[in-house]
Structure formats: structure tokens, C-alpha cells
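A.B. asks: What follows is a single structure, and I will ask about it in a moment.
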Amino acid sequence: MQKLTNKEEEIMHILWKLEKAFVKNVLAEMSVDKPHYNTLSTIIRNLEEKGYVSYNAYGKTHQYFPIVTKEDYKTKFMNTAIENYFNSSYKNVVSFFAKEEKISVDELKEIIELIENKK
813 MQKLTNKEEE
823 IMHILWKLEK
833 AFVKNVLAEM
843 SVDKPHYNTL
853 STIIRNLEEK
863 GYVSYNAYGK
873 THQYFPIVTK
883 EDYKTKFMNT
893 AIENYFNSSY
903 KNVVSFFAKE
913 EKISVDELKE
923 IIELIENKK
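Printed below as a string of C-alpha cells:
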């Protein structure tokens, strides 16, 4: 699974939300820094080449849909981030968020409970 650019990832989030969409539908969902229609069409075709989307052809127009699930992408993205930034240590991930005060004691207790109940 190839890494996506920020814009490609933004487009994938739109396609996951819409499930099927023409380029004009994707463009309508974009709120900030909308690219030109032709640019967006090229980015979506790049996503197709990377194996993230496919399409149904209706004459000269294409309706695109994701073939990589959001869950599969999230798993790959998180595993890569944890490997690259936290030495493959989930303890380092949790410690990072604790130091940054991005996770509360209650949330940590919930995580511990999830782990204990999984056994």
C-alpha cells in the first residue's frame, strides 16, 4: 500500500464518506483549497493507479469508489507511524500522549480495562 499525499488522503476520506462519487461530487465536498476540476480528476486517477479506487464508466464520465477500506488504510497508517516514530512500541505511543496531555487518566483506565477484558 503506497503512502498517500495529504490531498490524496483528503480525497479518500471524501470517497469513504460518499462511497461512490463523480469528480464533481468530490469537488463539492471539499471546503478548503479546492483544486481545479482537471487537477482533482488527475489526483483521483493517480489514486486509481495506486490501487486505492476503481470506477464505473458511464460514457465518458467515471463514477469512482474506494477499493481500500478506511479501516485497512488506518491500520497500515498507524502501524507505519508507530514503527517510524515510536520504535514499534505502543507504550511509547501512550507515553507520548500522556506527556502531551492528550489523554486523561479515565481514558487510560478504559484502555487498561479493554486490555484486561480481551484476555
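For the sequence shown, the residue numbers in the numbering used here are 813 to 931. Glycine included, every Cβ here is placed at the ideal spot set by N, Cα and C.
Taking the C-alpha atoms as reference points, what is the distance between Ala829 and Asn896?
C.D. replies: Strictly speaking, residue 829 in this sequence is Lys, with Ala absent from that position. Spanning the two alpha carbons is a distance of roughly 28 Å.
A.B. asks: Helix, strand or coil: which one does DSSP assign to Val865?
C.D. replies: Strand at Val865.
A.B. asks: Taking the alpha helix (DSSP H) that Phe908 belongs to, which residues open and close that run?
C.D. replies: Segment Tyr902 to Lys911, the alpha helix (DSSP H) holding Phe908.
A.B. asks: So is Ala840 buried or exposed if we call it buried at 16+ other beta carbons inside 10 Å?
C.D. replies: With fewer than 16 Cβ atoms within 10 Å of its Cβ, Ala840 is classed as exposed.
A.B. asks: For Met842, tell me which candidate among Tyr870, Glu820 and Lys903 has the shortest Cα-Cα distance.
C.D. replies: Checking every option, the nearest Cα to that of Met842 belongs to Glu820.
A.B. asks: In three-state terms, what does DSSP make of His825?
C.D. replies: His825: helix per DSSP, three-state reduction.
A.B. asks: Which residues mark the beginning and the end of the alpha helix (DSSP H) in which Glu877 is found?
C.D. replies: Note that residue 877 corresponds to Phe in the displayed sequence, not to Glu. Per DSSP, Phe877 belongs to no alpha helix (DSSP H); it is in the beta strand (DSSP E), Thr873 to Pro878.
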